[in-house]
Amino acid sequence: MFKQTHLVNSVRLGLICCAVAAPAGFAATVSVDSNVEEIEKIQVTGSRIKRSEIEGPSPIVVLTAADISDKGFSNMYEAIQNLTAGTGTNQGQGYTNSFTPNAETVNLRGLGANRTLVLLNGQRVANYPRAYNSENNVFNLTTIPTSAVARIEILTGGNSAIYGSDAVAGVMNIITKKNIEDTTVTVHHNTSDAGGGDNSKLTITGGYSNESFSWSYAVDYSDQDMLLGSERDWLDDFNDGPATETQPEYYRVNSRTIMAGGWDGGFVYLHPDEFGENICDQYPDLELSERPSRGFYCGRDTTGDSSYINARENISVYSNFQWDFAEHHQLTADVLYWTSDAAQQGGYGTSWRTDTMTSGYHDGGGFVWDAENGRDLYLQRTFSKEEVGDNKSYFEDDMLYVSLGLNGTIFEDYDYQITLSHSATDNKEYEWLIASDKAREYFLGSPLGVEPGEPGMDYNPNYDRFWSPLDEAGRAAIVEKNDSTADASVTTLNGFVSGSLYELPAGELGFSVALEYSTEEYEINVDPRTLDPNTGWGNGLTGTEGGGERDRYGIALEFEVPITEQIIANVAGRYDYYNDDTDVDGAFTYQFGLQYRPTEDLLLRTSYATSFRAPDIHQINSGPSGSYLGITDYYLETKCLQLSQGQDTGFNEVDLAALQVQCDPDLPGELKEGQTVKVTQTGNTKLHEETGYSASIGFSWDVTENLNWTFDLYKVKIKDQVESWNSDNYFRKERDCREGINTQGVDCDFILSRSTRFDGSMPNSGLTVESWNSTYVNQALNEQTGFDMQLDYLYDAGSWGEFSAEVKYTHVLETVNQEFAGEEIDKDYRDDYLNRALRSKVDSTFAWKKDDVRITLTQMRYGSSWNWEDPDPARNSSEERRALAGRLAPWLIYNLGVNYDITDQHSVRLGINNLRDSRPRNDKSFDGTDPWFYRSTYPTMIGVMGRTFSFDYIGKF
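If you count by our numbering, then the sequence shown holds residues 770 to 1726, one letter each, in order.
Set out below in structure tokens:
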């Protein structure tokens, strides 16, 4: 194997090959032996080697395979989500019924899961083919097997000038293992104290090498059991919630599994006895239930029916090849294949409601007319898995990554690398649902008094069918399989040359120049029924479709300039051009870094980098997509407050009666029911790029031979951030426009044209929001200031062994937010109720090692966050509820691990995660649904699993 120069290592430390070129810290394969040696010097916890000798102008966090094991994580995505810089919210398998419940992401700095560029050995990889939260293209961290990972390098902050577009919140480069000589077998099993959610894993790594050839492989198999809420005694009953004393009584009732409703001066339930004696007794898991002020129905406590951890079986195979086919020239290849079968359970079962019927077959609020009994009728029913055959959703995912590279040295002094890579992901999802139009025909019959095929709202319902268990004939009549597929791919060709231009008085002037071409495409196809307004699904399921492609070209240049023996400047610039349907075209970004070493033990550093990011491809190419969204109806709440205070609402008699139906008589300014509205959304080709900058200043100091301290103050700013139109922002504007307040600079005609409301004459739903037409928009401003700090300490106690400590701490000092240009800039957004991101996060690891034993204790601290209740009277008019508002205390998790080396070739590890069996924070304000904590803020998997025990065996042969 040939050797790299010190200059190449220095230049490449700040350069990722996929985007512009391959730096040593992020490079994949040039001179593997020496590269690994250099990287190892900065990643060993408690190392005596001085980190300041190889630290650069921008701080880099290194997470090794040993770190993942020591901290007790079973997989890579758990370890990455634990990064202290990951202060933002996340969705994942704990978010059942979301758009991407089988994908795991990381949200650095709270800037969005789509703003971190993820690389594999310096190359771009395909994003998850589904749109995250129906909006963004993100990378699925579950696709990378832990057994193949040597280390993960994370550079936080905008670095578009080095890595190209997407590198706004940070860059994460996953470096795989190479030059493996021993065959290593690892067996892992993890189980919980309370049972359920077991995880088993078998990995085999090995390889072969000689003087000119190296081959390495890693095979990974894992099997994870599903965990239901019913498997936890604090998640299996609606009375388990912390707010039972403060909740309205109607919250603590069984779910409406089978219910018929009517209209009698307001929405009321029709007693099941009207349709048959003891009719609920036909179902072994249902009972006659009552909701105060509404009436009786057949119900069930569904608190524990949803899964919080998916059933998941993963298989991955990774292989790396390296061949020195000539002196100073090497051919490399990487292949990774990953496949996964997973399942989740979103509740008791699938459902059908009359409000999901095609428009024209019902009136507002989903009522139909019961012609035989002369009354308005609303029907709602949830079917058990015995009735429909299965109540789970299934996911089949595949990912393939291949790369071919040529690297080496030319003209004796210049390193080069050329890489062609291709990555593709495929996803299939399916479940069994109720076909809405077929259920309408089955339970209600054909509409009366109209021509066949024409809409109508008069029926003679078949109540025997509606109230009776669904038999095989009924299943065949109304149950269908909902299939959807998605795929995405990215192909990249890039190359670079780096070396020394000439000798300066203080050292060599280093340079790197790179070229890149990349093409990406994706396609999402939902079941034809999902978005068809004439058919639909009985549970109101919607979806997002889309598809498109685009090309990207990039050219980059970087210099490392030694000004004096102690001062080095790093300068970089890059131009990216996008060929797509937007007005983005191209943009130039630049970066400047400065390193000053007054002594061998101290590095002072600062950097400034501009950022540029094109809109996600789905934000451009999304087809007409639908979803259901819970909203706060500020307009009706304002009217309810006026009504309670005896003020003139300005309503006519019909609308005033409808308002009285909507308002909660016991809570002034509150509605009886939360509102869920149908949202339609399409892509926006008029979007322009996000721009901004990232700056940092800090130091890395070897305080003593065994103590290292790094501290970096950072600031990240993004302008014109692309997001879905914020619903809270929209419905506040809609209220203001209807009330004629705060309308300066607001286009009220445009605002009011984007949503519709039911007419006041509609039973139950009068005046409420019927639909909202949203889109993606360039919002104004997101800015964050904070610091990252790390302490590493190693103490050799002689015969008592070695003690080490590592503390990583991120603290957000300020977050500035502006929803749209021209609006007030909120400089206190960090502490705002609407901000679910954490203010601080700490990861501490303490270890003791003596002879063959190593004990590790890890503490993870999630900072404080707001509870469930909004303290702002403009958004929460209830003084009683506002009194419950406050911040929750930080959440602490402890993991304990004991490693024992039986021999040099065999070792075992025993671990206890969440040692104290602690749960995510909540309080009496949480009157929502289980699991009674913010799943997007806290790691749901850890929170619900509780205390777990793990065993690992590692054998080398």
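The beta carbon of each residue, even a glycine, is placed where N, CA and C say it ideally should be. As the structure is a computational prediction, the values presented were derived from the model and not from experiment.
Residue i - partner residues in DSSP beta bridges
{"i": "N1664", "result": "T1627"}
{"i": "M1168", "result": "W1107 and T1194"}
{"i": "K1577", "result": "Q1559 and D1612"}
{"i": "Q1091", "result": "S983 and T1101"}
{"i": "N1083", "result": "S991 and S1109"}
{"i": "H1675", "result": "G1724"}
{"i": "C1067", "result": "I1027 and L1057"}
{"i": "P1331", "result": "I1337"}
{"i": "I1711", "result": "Answer is none; I1711 lacks a bridge partner."}
{"i": "A1652", "result": "The partner list for A1652 (beta bridge, DSSP) is empty, contrary to what the question assumes."}
{"i": "N1547", "result": "V1491"}
{"i": "H958", "result": "S969 and F1720"}
{"i": "C1432", "result": "L1440"}
Cα-Cα separation, residue i to residue j
{"i": "Y1499", "j": "I1520", "result": "8 Å"}
{"i": "M1710", "j": "D1417", "result": "50 Å"}
{"i": "A793", "j": "G1467", "result": "Low confidence applies to A793: its pLDDT is 33, below 50, so where it sits in the model is not reliable, and the reading given next is rough at best. Computed Cα separation, rounded: 22 Å."}
{"i": "F1136", "j": "S1253", "result": "30 Å"}
{"i": "S991", "j": "K1408", "result": "55 Å"}
{"i": "H1098", "j": "N1176", "result": "6 Å"}
{"i": "V813", "j": "D1670", "result": "Any reading at V813 must be qualified, since the residue scores a pLDDT of 28, below 50, and its modelled position is unreliable; the value itself is stated next. Rounded to the nearest angstrom, the two C-alpha atoms are 19 Å apart."}
{"i": "T915", "j": "A987", "result": "9 Å"}
{"i": "S1705", "j": "G881", "result": "12 Å"}
{"i": "S1205", "j": "D1233", "result": "19 Å"}
{"i": "D1005", "j": "D1074", "result": "8 Å"}
{"i": "S983", "j": "D1673", "result": "24 Å"}
{"i": "K1447", "j": "G1395", "result": "7 Å"}
{"i": "S1062", "j": "Y1052", "result": "25 Å"}
{"i": "F1007", "j": "Y1077", "result": "16 Å"}
{"i": "D967", "j": "W1541", "result": "42 Å"}
{"i": "T911", "j": "E1249", "result": "30 Å"}
{"i": "M1714", "j": "D1167", "result": "27 Å"}
{"i": "T945", "j": "K840", "result": "19 Å"}
{"i": "A1080", "j": "D1159", "result": "15 Å"}
{"i": "P1393", "j": "V1546", "result": "16 Å"}
{"i": "V1295", "j": "S903", "result": "12 Å"}
{"i": "P1703", "j": "Q862", "result": "According to the sequence displayed, residue 1703 carries Tyr and not Pro. Looking at the two C-alpha atoms, the distance is approximately 14 Å."}
{"i": "L1398", "j": "D1621", "result": "55 Å"}
{"i": "S803", "j": "L1270", "result": "Only weak support exists for where S803 lies, its pLDDT of 39 falling under 50; the coordinates are left without a value."}
{"i": "Y1729", "j": "R1021", "result": "Since the displayed the chain opens at 770 and closes at 1726, residue 1729 lies outside it and no answer follows."}
{"i": "E824", "j": "S1469", "result": "8 Å"}
{"i": "D1139", "j": "T1123", "result": "12 Å"}
{"i": "T1013", "j": "K1693", "result": "8 Å"}
C-beta atoms of residue i and residue j nearer than 7 Å
{"i": "S929", "j": "N948", "result": "no"}
{"i": "S1192", "j": "V1104", "result": "no"}
{"i": "V918", "j": "G927", "result": "no"}
{"i": "Q1113", "j": "P826", "result": "no"}
{"i": "D1350", "j": "T1451", "result": "no"}
{"i": "W1701", "j": "P1011", "result": "yes"}
{"i": "S1162", "j": "G1118", "result": "no"}
{"i": "L1173", "j": "A1102", "result": "yes"}
{"i": "A900", "j": "H1387", "result": "yes"}
{"i": "T1579", "j": "T853", "result": "yes"}
Exercise. Does the pairing of the region 1263-1270 with the region 1353-1362 give three or more beta-carbon distances under 8 Å?
Worked result: Verdict: no, contact absent.
For this session: For the region 1523-1543 and the region 1418-1434, state whether three or more C-beta atom pairs, one from each stretch, are separated by less than 8 Å.
Result: Contact between the region 1523-1543 and the region 1418-1434 is present, because at least three Cβ pairs lie under 8 Å.
Problem set entry | Given 8 Å, three or more beta-carbon pairs between the region 1267-1286 and the region 1317-1336 | Touching, yes.
Exercise. When the Cβ atoms of the region 1451-1461 are set against those of the region 1481-1489, are three or more pairs found closer than 8 Å?
Worked result: Touching, per the Cβ criterion.
Exercise. For the 8 Å Cβ check, are there 3 or more pairs between the region 1631-1641 and the region 1598-1613?
Worked result: Note that the region 1631-1641 touches the region 1598-1613; at least 3 beta-carbon pairs, one per stretch, sit closer than 8 Å.
Exercise. Quick check: the region 1299-1306 against the region 1335-1353, are there 3 or more CB pairs under 8 Å?
Worked result: No, the region 1299-1306 is not in contact with the region 1335-1353.
For this session: Within the region 1134-1181, note down every full beta strand (DSSP E) run reaching 3 residues or more, in order along the chain.
Result: Taken in chain order, the complete beta strand (DSSP E) segments of 3 or more residues contained in the region 1134-1181 are 1137-1139, 1144-1151 and 1161-1179.
Exercise. Which runs of the beta strand (DSSP E) fall wholly inside the region 1436-1517 and span at least 3 residues, in chain order?
Worked result: Entirely contained in the region 1436-1517, the beta strand (DSSP E) runs reaching 3 residues are, in chain order, 1444-1451, 1459-1473, 1476-1488 and 1491-1493.
Exercise. Of all the beta strand (DSSP E) runs that stay within the bounds of the region 1332-1396, which reach a length of 3 or more residues?
Worked result: Note on the region 1332-1396: whole beta strand (DSSP E) runs with a minimum of 3 residues are 1336-1348, 1355-1368 and 1371-1382, in chain order.
For this session: Determine contact between the region 1179-1193 and the region 892-899, defined as no fewer than three beta-carbon pairs at a distance below 8 Å.
Result: Short answer: they touch.
Exercise. Any contact of the region 1035-1053 with the region 1082-1093, i.e. 3+ C-beta pairs under 8 Å?
Worked result: These segments do not touch.
For this session: Answer yes if the region 1031-1045 comes into contact with the region 1137-1149, meaning at least three C-beta pairs across the two stretches below 8 Å, and no otherwise.
Result: Remark: three or more beta-carbon pairs, one from each stretch, lie closer than 8 Å, so the region 1137-1149 and the region 1031-1045 are flagged as touching.
Exercise. Pairing CB atoms from the region 1558-1569 with CB atoms from the region 832-852, are three or more of them under 8 Å?
Worked result: In short, these stretches do not touch, since the Cβ pair count stays below three.
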